[in-house]
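Each remark here refers to the structure printed beneath this line.
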Amino acid sequence: MKLSTKLLAATAMVSASAASAVELEVTHWWTSGGEAAAVSKFADAWNATGNTWVDGAIAGSGGTARPIIISRIIGGDPMGATQMNHGRQAEELIEAGLLLDLSDVAEAGGWADLVNPSSLLESCTLDGKIYCVPVNIHSAQWIWLSHSAYENAGLSVPTDWYEFAASAGDLQAAGTLPLAMGQQGWQQNIAFGAITLAVAGLDAWKGVNVDKNADVARGAEYTAAFEAVAAARAFAVGSNVQDWNLATNMVITGSAGAQIMGDWAQGEFAVAEQVEGEDYSCLPGLGLNDVLDTGGDAFYFPVNDDPEITAAQKEMAALLISPEAQVSFNLAKGSLPVRGDIDMSTANGCMQKGLEILASGGILPSSDISFSQDTTLQIEDLMAQFWSSDMSAADAQASYANLIENAD
Ligand code: GAL
């Protein structure tokens, strides 16, 4: 098989001392500065075992990478391991028997006792078997604010969404774009979700995102949220970047006032050596709700018929959730660890805010857990259309409610 061939080549290449060393190709979409710094922590840890990490970074975003990853697995050209978001993205691959059952590794490592919250492990589980190792918690409901942009405009840095919205006109008058926005549906959907949670409130958000109640999506709270999103669209006119990290860079350089983006943005501020509270601020729940979703990343291991590769895959799964790898990776990534028994005291202020929210139980399921990929992609398409046109808030709300009505 192809993987065995790769193994032979790999064992010939690695040092003689690593007798049972195995080369595993690992695919992921971590290509921004902060992401690359984080994934190198995993690669270093794996290489230190004497095995070899063959980096299979796929440039773009999850939206670009996921179909490539899935088609390689289905098409008989599997990688050794792959990142995906934990939740429902791998559902069909698991059902097709294409992903390795990690239940014995999980049992040996006591994952059931240490993974926190337990929903992370549940989202790796199908029919009682565990098919992925969760490596982090990433939440999407954050706004990142540039202190230099506000200083230049002679304004104080907002402390919540409404203050931000009120400041937008003055930022514009000072020649600063209020809201940086990458022109991709998933990013626009993140902004939509965060604004909805802030403006429509927790109950309405849960009604739609957990209960899939279309009446709530048609209701007054969501009308207010859609109007707020239409206002946000106006704050972002002229933001022509595509990639999320280019939009983050606009906040880092002060050419934009803010970005609504997941906590992985923290990795970019870290690489730029910016200091939270001095150079930038981060507001979970857009400063209005102390809640965050528990999305994130997990690694899956495609099935193959070579026992040596299978053993190496299991070894990697155990390594990625080890205390050392969890600390070094998550500090670089800006994400929260999946185990509560490790020391994160060196985490910066934004991560500490996330850790406090996690400890207080203010957690929500992520859309990757609530919605199928089909539903998610339909919502992202609607958001792409809404943000790049003059579609009215009312029309967008009506289309959205119809999607929720049929969501699975
Ligand atoms: C998410 C992933 C994060 C981050 C982000 C942007 O899907 O969970 O780890 O990398 O994409 O690339």
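First residue of the sequence shown: 1416, per our numbering; consecutive thereafter. Where a beta carbon is used, it is the ideal one built from N, C-alpha and C, also for glycine. Everything numeric in this text was worked out from a predicted model, so none of it was measured.
Q.
Quick check: what's the CA-CA separation for Gly1711 versus Val1548?
A. Here residue 1711 refers to the residue found at position 296 when the sequence shown is read from its first residue. Here residue 1548 refers to the residue found at position 133 when the sequence shown is read from its first residue. Their Cα atoms are separated by approximately 11 Å.
(Q) Could you check whether Asn1664 and Glu1683 sit closer than 8 Å to each other, using their CB atoms as the reference points? (A) Working through the sequence shown from its first residue, we reach residue 1683 at position 268. Working through the sequence shown from its first residue, we reach residue 1664 at position 249. Yes, Cβ-Cβ distance for Glu1683 and Asn1664 is below 8 Å.
Q | Selection from Val1631, Gly1749, Gly1600 that minimises the alpha carbon distance to Asn1551 | A | Here residue 1551 is taken as the residue at index 136 of the sequence shown, counted from 1. Checked all of Val1631, Gly1749, Gly1600; the closest Cα to Asn1551 is Gly1749.
Q.
Buried or exposed for Leu1422, going by 16 or more other Cβ atoms inside 10 Å?
A. Taking the sequence shown and counting its residues from 1, the one referred to as residue 1422 is at position 7. Caution is warranted here: a pLDDT of 44 is assigned to Leu1422, below 50, making its placement in the model unreliable, and the coordinate value is therefore given only provisionally. Leu1422 should be labelled buried.
(Q) Mapping the DSSP letters down to three states, classify Gln1504 as helix, strand or coil. (A) Position 89 of the sequence shown, counted from the first residue, corresponds to residue 1504. Residue state, collapsed to three classes: coil.
Q) Taking 7 Å as the line, does the beta carbon of Asn1719 fall inside it for any heavy atom of the ligand GAL? A) Locating residue 1719 in the sequence shown gives position 304, where the first residue counts as 1. Checking every heavy atom of the ligand GAL against the Cβ of Asn1719, none is found closer than 7 Å.
(Q) Given 7 Å as the limit, tell me if Asn1604 has its C-beta closer than that to any heavy atom belonging to the ligand GAL. (A) For this step, residue 1604 is matched to residue 189 along the sequence shown. No; taking the cut-off as 7 Å, the Cβ of Asn1604 has no heavy atom of the ligand GAL nearer than that.
Q | According to DSSP, residues forming a beta bridge with Gly1702 | A | Taking the sequence shown and counting its residues from 1, the one referred to as residue 1702 is at position 287. Paired residue(s): none; Gly1702 is not in a bridge.
Q | Length-filtered (4 minimum) alpha helix (DSSP H) runs lying within the segment 1663 to 1741 | A | 1680 to 1686, 1722 to 1735
Q) Do you know how far the Cα of Ala1632 is from the Cα of Ala1619? A) Position 204 of the sequence shown holds residue 1619. Position 217 of the sequence shown holds residue 1632. Their Cα atoms are separated by approximately 8 Å.
**Q.** CB of Trp1559 within 8 Å of CB of Cys1697, strictly
**A.** Stepping through the sequence shown from its first residue, residue 1559 is reached at position 144. Stepping through the sequence shown from its first residue, residue 1697 is reached at position 282. It is a contact, given that the beta carbons lie within the stated cut-off.
Q.
Taking its Cβ as the centre, do 16 or more other Cβ atoms sit within 10 Å of Gln1657, making it buried, or is it exposed?
A. As a position in the sequence shown, residue 1657 is number 242, starting the count at 1. Per the 10 Å Cβ criterion, exposed.
**Q.** Beta-carbon proximity list for Phe1607, same chain, < 7 Å, skipping 5 on both sides
**A.** By one-based count along the sequence shown, residue 1607 stands at place 192. Taken in chain order, the residues that qualify are Val1644, Met1798.
(Q) Within 8 Å, do at least three Cβ pairs link the segment 1668 to 1679 to the segment 1591 to 1610? (A) yes
**Q.** N- and C-terminal bounds of the alpha helix (DSSP H) containing Thr1761
**A.** Start at 1 with the first residue of the sequence shown, and residue 1761 comes out as number 346. First-last for Thr1761: undefined, no H or E at that position.
Q. Where does Asp1796 fall in DSSP's three states?
A. Position 381 of the sequence shown, counted from the first residue, corresponds to residue 1796. Asp1796: helix per DSSP, three-state reduction.
Q: Report all residues from its chain with a CB closer than 7 Å to the CB of His1553; omit the five preceding and five following residues, and keep chain order.
A: Your numbering for residue 1553 matches position 138 in the sequence shown. Here the set comprises Gly1677, Asp1678, Trp1679, Gly1710, Gly1711, Asp1712, Ser1750.
Q. Using a threshold of 7 Å, is the CB atom of Asp1712 nearer than that to any non-hydrogen atom of the ligand GAL?
A. For the purposes of this step, residue 1712 is taken as the residue at position 297 of the sequence shown. Answer for Asp1712: yes, Cβ within range of the ligand GAL.
Q. Whose C-beta lies closer than 6 Å to the C-beta of Asn1531 among residues of the same chain, with five residues either side of it excluded?
A. For the purposes of this step, residue 1531 is identified with residue 116 of the sequence shown, where counting begins at 1. Gly1755.
Q: In the DSSP assignment, find the alpha helix (DSSP H) that holds Asp1542 and state where it starts and stops.
A: In the sequence shown, the residue the question calls residue 1542 occupies position 127. Per DSSP, Asp1542 belongs to no alpha helix (DSSP H) and is neither H nor E.
Q.
Rounded to whole angstroms, what is the Cα-Cα separation between Ala1580 and Gln1587?
A. Walking along the sequence shown from the start, residue 1580 turns up at place 165. Walking along the sequence shown from the start, residue 1587 turns up at place 172. In a straight line, the C-alpha of Ala1580 is about 11 Å away from that of Gln1587.
Q: Name, in chain order, the residues that DSSP records as bridge partners for Gln1657.
A: On the sequence shown, residue 1657 is found 242 positions in, with the first residue counted as 1. According to DSSP, which records beta bridges pairwise, Gln1657 is partnered with nothing at all.
**Q.** Close beta carbons around Ser1435, own chain, < 6 Å, minus the five adjacent residues each side
**A.** Counting from one through the sequence shown, the residue named residue 1435 turns up at place 20. Excluding residues within five positions, none has a Cβ falling inside 6 Å.
Q | Sequence-distant residues of the same chain with beta carbon closer than 7 Å to Arg1487, five excluded per side | A | The residue given as residue 1487 occupies position 72 in the sequence shown. Cβ within range, chain order: Pro1493, Met1494.
Q) Do you know offhand how far Thr1574's Cα is from Val1623's? A) As a first step, residue 1574 must be located in the sequence shown, where it is residue number 159. As a first step, residue 1623 must be located in the sequence shown, where it is residue number 208. Using only the alpha carbons, I get a separation of about 27 Å.
Q: Output yes or no for whether 8 Å exceeds the beta carbon distance between Tyr1695 and Ser1561.
A: Residue mapping note: residue 1695 aligns to position 280 of the sequence shown, counting from 1. Residue mapping note: residue 1561 aligns to position 146 of the sequence shown, counting from 1. In contact: Tyr1695 and Ser1561 (Cβ atoms closer than 8 Å).
(Q) If I measure Cβ to Cβ from Ser1814 and keep anything under 7 Å in the same chain, skipping five residues before and after, which residues do I get? (A) To locate residue 1814, count along the sequence shown from 1; it is residue 399. So the qualifying residues of the chain are Leu1797.
Q) For Trp1557, is the beta carbon positioned less than 7 Å from some heavy atom of the ligand GAL? A) Within the sequence shown, numbered from 1, the residue matching residue 1557 stands at position 142. Incorrect: Trp1557 has no Cβ contact closer than 7 Å to the ligand GAL.
Q. Alpha carbon to alpha carbon, what distance is there between Pro1752 and Leu1735?
A. For the purposes of this step, residue 1735 is taken as residue 320 along the sequence shown, with counting starting at 1. For the purposes of this step, residue 1752 is taken as residue 337 along the sequence shown, with counting starting at 1. Between Leu1735 and Pro1752, the C-alpha separation is close to 11 Å.
Q: Please determine if the segment 1443 to 1450 and the segment 1729 to 1745 are in contact, where contact requires at least 3 C-beta pairs separated by less than 8 Å.
A: no
(Q) Is the separation between the beta-carbon of Gly1563 and that of Gly1669 shorter than 8 Å? (A) As a first step, residue 1563 is located in the sequence shown; it is residue number 148 there, counting from the start. As a first step, residue 1669 is located in the sequence shown; it is residue number 254 there, counting from the start. What sits at residue 1563 in the sequence shown is Ser, not Gly. Against a cut-off of 8 Å, the Cβ pair of Gly1669 and Ser1563 comes out as a contact.
**Q.** Proximity test, Glu1642 beta-carbon vs the ligand GAL heavy atom, cut-off 7 Å
**A.** On the sequence shown, residue 1642 is found 227 positions in, with the first residue counted as 1. Glu1642 Cβ: outside cutoff for every heavy atom of the ligand GAL.
**Q.** For Ala1639 and Val1666, believed in contact at Cβ under 8 Å, the rounded distance
**A.** Start at 1 with the first residue of the sequence shown, and residue 1666 comes out as number 251. Start at 1 with the first residue of the sequence shown, and residue 1639 comes out as number 224. Contact flag wrong, Cβ pair sits at about 26 Å.
Q. For Ala1431, is the classification buried or exposed, using 16 other Cβ atoms within 10 angstroms of its Cβ as the cut-off for buried?
A. The sequence position of residue 1431 within the sequence shown is 16, counting from 1. Unreliable positioning characterises Ala1431 in this predicted model, as indicated by a pLDDT of 36, which lies under 50. The coordinate reading is nonetheless provided below. Ala1431 is exposed by the Cβ-count criterion.
Q | Three-way DSSP call (helix, strand, coil) for Ser1538 in this model | A | Counted from its first residue, the sequence shown places residue 1538 at position 123. Reduced to three states, the DSSP call for Ser1538 is coil.
Q. Any chance the CB of Trp1468 is under 7 Å from a heavy atom of the ligand GAL?
A. As a working note, residue 1468 is residue 53 in the sequence shown. Not under cutoff, so the answer is no.
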